[in-house]
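Before any comments, here is the structure.
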């Protein structure tokens, strides 16, 4: 057992056996075997460099060492049966040898304590390596230092630290060895030599074979040195067989230990396989390869140095290498410390920068939480939201104004007329109001028909005046919106004015303006003059276009022709002679158009109900315009009343009676046409054309009021006569009925106006251009007093639709608008039916072909004004050569060629 303890001491200490004074063959051979085992350790650690620094399990290491101790005990038992153990010679141990053994044992303990301290330093370095993956590869030991000294020894010392035998157990074993050494002879040293020389758990099989051969040679020398007497051959054979048995057991033990160690390393390697996968695989393996290459070079250099040395020269070389390695290790440690210090300084600077940025972020966050900053952000966000909403509002407003139907003028005229008729009703029924002429200073409010001097403090008079002001203001806004439409969407206005069907409500805008701005000072004077002039131009244009289309007069003509009489009344307030001229035009057109229109409405059922209802407006406006003849043109307070009365009784009063009869005839014609067309009309949805029921009724009421004033001024009929009572009753009925109708239709008109102006045309097949319609070839066919087909102009307008501006600022045609002028939009089936009827009539009555007509196509006198060939095939809207900024391709409906095609829409404005 003493031999086993001594053997364990030499195995655990990585120092070669001390030569001392007795540098005999045994000690020299032990030194050689030690260095040989160290080289084998280096080779084994180099082949397993990936796991050289892994911590091993305590139980595995302890079991391995316990197994080695048990094997050593078995070897001791076997040694007792060897020839060396049977010898009973009690030779005294040499004193020098005994002292040499003591020195070696003390040296083993000291070296083990130093290695334990070195192991702690290595464990701290391992902890640093865990913190920084690159530290090991970037801080390699310098050349000249064997990595096995700091790698293999480290693994061995970690194994010793984990085992149950520490420094104290070694010291105890040493004391037992010293106590039993006196009772042993030199054969125990022999057995000690064999255990230390031939059993080490880290040796390979090939090295063991080489070591066995070299040991057998040296064993003979050692036997001769320690045993002067030669042993017999039988003893030597017996000893050799015992040695071979031990060798076999050692090899089996080594194989088991290697298998167990291999499995342990494999499990550890699998555990650390996925650690720091991204960075570890890419960088750490590369540096480990370089480290492995350096370790191989150091191992070869160190192995060759160990193989070349022998005896005392090996001891001297080892001591010199140890001193140089210690110096190089200090330099390497110093460099490592400097590099770590630099890394530490770099990390500190990085942490300071991160702390500064974090503090800056906290400061900005605190600053952002200030109330004024929050208020500023809220204000900015609200302003941005308001700006976006305002932009959307402006875009929708632009589209709204651009797509306003022209019948908005009918609503505006109805509203302003409503204020006028109720104001006159209040003046006639208030006792404090007395009639005077317009140029009299007593005329409180110059408004036709008639002027009155009223008490301005009267409550009912104030209500009537304020109501009149409200109606005039609302009508003025609607009239101005039309001029805004001219500025924003001139293409739409030009397209509407190119057809007699779509341009029929245009004159109502001029009539509204003169009614709103009359009597408003010099501004009113300018606006009334401009509106009257524009209306006169419109009369000329519309008659010119009607002649080009070969169409006959119908009620839809009146706003643009006979309606100029309303402008004549307001112009007369500022310019009497132009007023009389416009009045004469209105009367002449009324006397010429009204009979033809009356016959056509009665005989032609193809004229729509809204158009027929306008029939009563022509004689009513003419009668209202004639009232200016009842007022003197001079500004005298007391004119010659006798002469003035005689002239008016002879000329003026009969004209008023005749016009009143025409008014009644027109009213009856309107009612009769609505009655006959009611079944078809009630199926139509509400459209802008329904505004035609407002202004004719109120215009008729205004004409009745003017007629009553003429009777009161120039007739001999008594005030309480049945005729006057009947007229008064009829006037009140028309006034109330017209007011109710106007309020209902106006309210519904404004309710539906957004849907008429914000039109989505994306899912619609675009109608063809006017020049591409099937009716374009027969547009000049003309009309008759009695016909069983719809007017070609109306059919063409229904087929081509209306030009609108979509939400993206592009001009497109659509049939989604429910009316074109005063004509409700026909369905495709109705339009196809009416078109077939027209073509059948044209086939039976072919029209004479004409060139350069004024119809569409034909009007080309505005070519030089860059309106895109306005009137010539309507290519101002559809230009095949150039595409404006809003142009795009849209699918077109079937044209006169009988196929569908795509046409570019262009925007020039």
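Numbering (the UniProt record's numbering), first residue to last: 1 to 909. All residues carry an ideal CB built from backbone N, CA and C; glycine is no exception. This structure is a prediction, so every number in the text was calculated from the model and none was measured.
Query                                                                                                                                                                                    : Result
Between residue 725 and residue 565, what straight-line distance do the alpha-carbon atoms span, to the nearest angstrom?                                                                : 28 Å
What do you get for residue 65, buried or exposed, if any count of 16 or more other CB atoms within 10 angstroms of its CB means buried?                                                 : The predicted position of residue 65 is uncertain, since its pLDDT is 40 and thus under 50; no value can be drawn from it.
In the DSSP assignment, the alpha helix (DSSP H) including residue 571 goes from what residue to what residue?                                                                           : 564-572
Compare the Cα-Cα distances from residue 451 to each of 246, 628, 680, 325 and report the closest residue.                                                                               : 628
Consult DSSP for residue 430 and reduce its assignment to one of helix, strand or coil.                                                                                                  : coil
Answer with buried or exposed for residue 246, where buried requires no fewer than 16 other C-beta atoms within 10 angstroms of its C-beta.                                              : buried
Going by other Cβ atoms of all chains shown within 10 Å of its Cβ, with 16 needed for buried, is residue 623 buried or exposed?                                                          : buried
What are the start and end residues of the beta strand (DSSP E) that includes residue 453?                                                                                               : 451-453
Once you ignore the five residues that flank residue 784 on each side, which residues in its own chain have a CB closer than 8 Å to its CB?                                              : 552
If you reduce the DSSP assignment to three classes, tell me which class residue 334 lands in.                                                                                            : helix
Is residue 599 helix, strand or coil by DSSP?                                                                                                                                            : helix
Can you list, in chain order, the residues of its chain whose CB lies under 7 Å from that of residue 662, leaving out five sequence neighbours each side?                                : 594, 619
Kindly list the residues whose CB is nearer than 6 Å to the CB of residue 443, restricted to its own chain and excluding five residues on each side of it in sequence; keep chain order. : 436, 451
Work out the CA separation of residue 409 and residue 730 for me, nearest whole Å.                                                                                                       : 27 Å
Does DSSP put residue 551 in a helix, in a strand, or in coil?                                                                                                                           : coil
Does DSSP classify residue 456 as helix, strand or coil?                                                                                                                                 : coil
Give me the Cα-Cα distance between residue 597 and residue 391, rounded to the nearest whole angstrom.                                                                                   : 48 Å
Starting from residue 811 and walking both ways along the beta strand (DSSP E), at which residues does that stretch end?                                                                 : 811-814
Using the C-alpha atoms, what's the distance from residue 520 back to residue 404?                                                                                                       : 27 Å
Under a Cβ-count criterion, where at least 16 other Cβ atoms within 10 Å of its own Cβ denotes burial, should residue 34 be classed as buried or exposed?                                : With a pLDDT of only 43 at residue 34, under the threshold of 50, the placement of this residue in the model should not be trusted; the figure read from the coordinates follows. Looking at its Cβ environment, which holds 16 or more other Cβ atoms inside 10 Å, residue 34 is buried.
Kindly indicate the opening and closing residues of the beta strand (DSSP E) around residue 805.                                                                                         : 802-805
Please classify residue 685: does DSSP put it in a helix, a strand, or coil?                                                                                                             : coil
Taking the alpha carbon of residue 467 as the reference point, which residue from 549, 573, 419 has its own alpha carbon closest?                                                        : 419
Straight-line CA distance for residue 540 to residue 821?                                                                                                                                : 19 Å
Of the residues 769, 804, 676, 269, which one's Cα is nearest the Cα of residue 612?                                                                                                     : 676
Using a Cβ distance threshold of 8 Å, determine whether the region 574-594 contacts the region 556-565, with at least three qualifying pairs required.                                   : yes
Would you say residue 518 and residue 412 are within 7 Å of each other, going by their C-beta atoms?                                                                                     : no
Which residue from 710, 756, 702 puts its Cα closest to that of residue 734?                                                                                                             : 702
Do residue 796 and residue 604 count as a contact pair if the criterion is CB distance below 7 Å?                                                                                        : no
So, helix, strand or coil for residue 823, using DSSP?                                                                                                                                   : strand
I'd like the span of the alpha helix (DSSP H) that includes residue 724, first residue to last.                                                                                          : 722-757
By alpha-carbon positions, which one of 794, 807, 812, 814 ends up nearest to residue 830?                                                                                               : 794
Determine the direct distance from the alpha carbon of residue 475 to that of residue 367, and round the result to whole angstroms.                                                      : 55 Å
Pairs of beta-carbons, one from the region 799-807 and one from the region 666-684, closer than 8 Å: are there three or more?                                                            : no
Residues in its own chain within less than 6 Å of residue 414 by CB, not counting five upstream and five downstream?                                                                     : 694, 695, 698, 742
Would you kindly work out how many angstroms separate the C-alpha atoms of residue 547 and residue 780, rounded to a whole number?                                                       : 10 Å
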